[in-house]
Amino acid sequence: MMQILFVAAGGAIGSVGRYVVVGAFERWLGVGFPYGTLAVNVIGSAVLGLLVGLFITLFDTTPELRLFLVVGILGGFTTFSAFSLDIITLLEKGEAVHAILYVALSIVLSAGALYLVLRLVRWIAA
């Protein structure tokens with residue numbers, strides 16, 4: 233139960249951070265391109281790289297702290313960071329084909345699922 237609370241607390245912080253960053257980029261660069269989403273994806277991936285690197289090399293952390301920071305804060309901020317870590321992990325394990333397949337399937341299936349369900353909802357609502 234405590235693990236869920238660590239994730240929830242971090243998720244609240246990350247979600248608010250995402251809202252603030254996306255809003256700032258929209259005010260700064262406009263809404264014609266998803267600059268804010270791109271920014272949180274890049275920032276989140278960079279921060280995840282920093283944290284994983286520090287956890288592996290310098291700091292022995294508790295599982296609760298990792299849950300709070302990685303799953304909670306970064307998960308609320310962007311799930312793209314987890315996607316990026318999965319790709320790099322596959323590549324570091326020498327599984328380039330699986331990494332490419334994962335990228336392709338993630339994009340095609342996720343966008344396809346969104347599109348199909350969106351069409352279904354629009355059809356039902358019409």
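Letter 85 of the sequence shown, counting from 1, is numbered 317 in my numbering, and no numbers are missing. Note that CB positions come from ideal geometry on N, CA and C, so glycine has one too. Remember, it's a predicted structure, so these values are computed and weren't measured experimentally.
In the DSSP annotation of this structure, Pro266 is not part of any alpha helix (DSSP H), being labelled neither H nor E. The DSSP assignment places complete alpha helix (DSSP H) segments of no fewer than 4 residues inside the region 302 to 350 at 312 to 324, in order along the chain. If the five residues before and after Asp318 are omitted, its C-beta is found closer than 7 Å to the C-beta atoms of Tyr334, all from its own chain and listed in chain order.
In this model, Thr293 and Ser277 are separated by some 20 Å (Cα to Cα). Approximately 6 Å separates the beta-carbon atoms of Gly246 and Gly304; this is inside 8 Å, confirming the contact.
Three or more pairs of CB atoms, one per stretch, sit closer than 8 Å, so the region 309 to 318 contacts the region 263 to 279. The three-state secondary structure of Phe257, taken from DSSP, is helix. DSSP, read as helix, strand or coil, puts Ala244 in helix.
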